[in-house]
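Report on one structure; see the data block that follows.
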Amino acid sequence: MQAATQTHTNSPTFLQLLLFVDERPGSRKQLQSIHHYLETLKTEYPFELKVVDVGEQPYLAEHFKLVATPALIKINPKPKQTLAGSNLVAQLKSWWPRWQRSLEENQTQLTQGLPLQPTVRSSNSSADTLPEAAGSLACALELIRLSDEVFRLKKDREELLEQLQFKDQVISMLAHDLRSPLTAVSIALETLQLEQPVAQNGIKRGLTPQLKERLFEQARNQLRTINRMVVDLLQARKGSNAEFNIRPHKLNLGRLCQDVLVQMHEQFQLKAQVLQTDIPQDLPPVYGDEELVRQVLINLLDNAIKYTPKGGKIAVSSIHRTTQKVQVSVCDDGPGIPQENRDRIFEDHFRLKRDEAIEGYGLGLALCQKIIRAHYGRIWVDSPIKGGSCFHFTLPIYR
Numbered sequence: 167m168q169a170a171t172q173t174h175t176n177s178p179t180f181l182q183l184l185l186f187v188d189e190r191p192g193s194r195k196q197l198q199s200i201h202h203y204l205e206t207l208k209t210e211y212p213f214e215l216k217v218v219d220v221g222e223q224p225y226l227a228e229h230f231k232l233v234a235t236p237a238l239i240k241i242n243p244k245p246k247q248t249l250a251g252s253n254l255v256a257q258l259k260s261w262w263p264r265w266q267r268s269l270e271e272n273q274t275q276l277t278q279g280l281p282l283q284p285t286v287r288s289s290n291s292s293a294d295t296l297p298e299a300a301g302s303l304a305c306a307l308e309l310i311r312l313s314d315e316v317f318r319l320k321k322d323r324e325e326l327l328e329q330l331q332f333k334d335q336v337i338s339m340l341a342h343d344l345r346s347p348l349t350a351v352s353i354a355l356e357t358l359q360l361e362q363p364v365a366q367n368g369i370k371r372g373l374t375p376q377l378k379e380r381l382f383e384q385a386r387n388q389l390r391t392i393n394r395m396v397v398d399l400l401q402a403r404k405g406s407n408a409e410f411n412i413r414p415h416k417l418n419l420g421r422l423c424q425d426v427l428v429q430m431h432e433q434f435q436l437k438a439q440v441l442q443t444d445i446p447q448d449l450p451p452v453y454g455d456e457e458l459v460r461q462v463l464i465n466l467l468d469n470a471i472k473y474t475p476k477g478g479k480i481a482v483s484s485i486h487r488t489t490q491k492v493q494v495s496v497c498d499d500g501p502g503i504p505q506e507n508r509d510r511i512f513e514d515h516f517r518l519k520r521d522e523a524i525e526g527y528g529l530g531l532a533l534c535q536k537i538i539r540a541h542y543g544r545i546w547v548d549s550p551i552k553g554g555s556c557f558h559f560t561l562p563i564y565r
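Residues in the sequence shown are numbered from 167 upward in steps of one, following the working numbering.
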């Protein structure tokens, strides 16, 4: 809502007007014309004009039973009157003298101590059936405030429903991810528990010590995987509450990847780097905060550009191997990340000694990890045998 012209206290001796407009070019022209006409009158006649965008204040438009815009409503003096159509200025010029006469009569009645009587009606005006205060501009402004509040609450409700749907999907994803390592641990332990030496030719045979050790190691590895998932989940909860106010919604991740690649095209060209992409057209939508996921992609690509030599190759790909997650990978021809540092590379301020003179990694990867964890995803790095680094991250699929 916009306020225009002069502001007065609520009084029957000046005009109170509401102008309803929309985003169409014609409405803006009408607004300019009415403003221009009223500017010529404001030095002689007191009035107050409030401009209302029906797109932002639909409840207020419904309250006044508007069927078309632009529309001008005279709230004071009584009775309420609505002017609508494409010739609002012409109608205003016709009605303005009568409105002024009504104001003068009101002033006379007030001076003589007589009750106010409405004196102006038209065929396209609507009589007020509300109490006196309901027709005042103050009441209209309160309706505007309340309609704003209703609109905000509606948006909050939609966002909360999205959050609940996101949490449900995360729970489903975690249940799916935990099933495989739990099954592997269970099989290994059951095999060890049910071992029954079998006598063959008088010789008892059972699991060899080497096989037992492999089963124990398999169980330990799978338990480490489960522990990592739990730690990531706890970190995600902590990060999303303390640092990020993420607003996940249905996100076209493939299109976002393409947008970021176009955005960074000049940076690839400056180093004559070859960009390879493998982003399927049928990639399912994911849950994600678009701006935060965009930041992750920019950070990973920025690092890839810095560490890839001139003329080198950078590959961006995405896959969805399961019904739960989509994976995005950014690979480069750089020096790679040593095995012992692949977890620490995501810590705040951690840098490899060889990179101390190079701007890159540092807070960028730590931020990426916090963002992805806040989405209940995972981010990691590996180095292919042929060299370079591949950074991968996952996001839950939207359902």
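Ideal placement from N, C-alpha and C gives every residue a C-beta, glycine not left out.
What does the alpha-carbon distance come out to for the pair residue i and residue j?
| i | j | result |
| --- | --- | --- |
| P347 | G543 | 18 Å |
| A408 | L207 | Model confidence at A408 stands at a pLDDT of 49, short of 50, so the residue's coordinates are unreliable; what they give is reported in the following sentence. In a straight line, the C-alpha of A408 is about 55 Å away from that of L207. |
| K479 | D499 | 6 Å |
| T391 | R413 | 28 Å |
| R508 | L531 | 11 Å |
| W265 | L319 | 39 Å |
| F557 | P475 | 17 Å |
| F186 | R194 | 11 Å |
| R487 | A481 | 19 Å |
| R565 | Q376 | 45 Å |
| V547 | V428 | 24 Å |
| V217 | P224 | 13 Å |
| L124 | F230 | Lying outside 167 to 565, the shown extent of the chain, residue 124 is not represented and no answer is given. |
| R386 | E456 | 38 Å |
| E315 | E228 | 16 Å |
| F317 | E271 | 40 Å |
| R190 | L330 | 37 Å |
Thinking C-beta only, is residue j closer than 8 Å to residue i?
| i | j | result |
| --- | --- | --- |
| T248 | I241 | no |
| V426 | I464 | yes |
| M395 | L355 | no |
| L417 | P451 | yes |
| L183 | L215 | yes |
| L458 | I563 | no |
| L309 | L226 | yes |
| P504 | Y473 | no |
| Q490 | S338 | yes |
| A234 | A256 | no |
Residue i and residue j look like a contact to me (Cβ under 8 Å); what is the Cβ gap, rounded to whole Å?
| i | j | result |
| --- | --- | --- |
| L466 | C534 | 7 Å |
| V496 | S484 | Incorrect: roughly 10 Å between the Cβ atoms, too far for contact. |
| L419 | R460 | That pair is no contact at about 10 Å. |
| S268 | P243 | 5 Å |
| Y203 | L258 | 6 Å |
| Q388 | A341 | Not a contact, Cβ separation roughly 16 Å. |
| L561 | Y453 | 7 Å |
| G477 | A438 | 5 Å |
| K378 | L358 | 7 Å |
In this structure, how does DSSP classify residue i when only helix, strand and coil are distinguished?
| i | result |
| --- | --- |
| A227 | helix |
| I545 | strand |
| V286 | Low local confidence applies: a pLDDT of 44 at V286 is under 50, so the model's placement there is unreliable, with the coordinate-based value given in what follows. Three-state result, V286: coil. |
| S252 | coil |
| D498 | coil |
| P236 | coil |
| L373 | coil |
| T274 | helix |
| L185 | strand |
| Q490 | coil |
| T560 | strand |
| S483 | strand |
| I241 | strand |
| K552 | coil |
Beta-carbon of residue i versus every beta-carbon of chain C: anything under 8 Å?
| i | result |
| --- | --- |
| L258 | Protein chains in the displayed structure number just one, and chain C is not present. |
Only counting runs of 3 or more residues, tell me where the beta strand (DSSP E) segments fall wholly within the segment 188-225, in order along the chain. 213-219
Runs of 4 residues minimum, wholly inside the segment 384-461: which ones carry the alpha helix (DSSP H) assignment? 419-429 and 431-436
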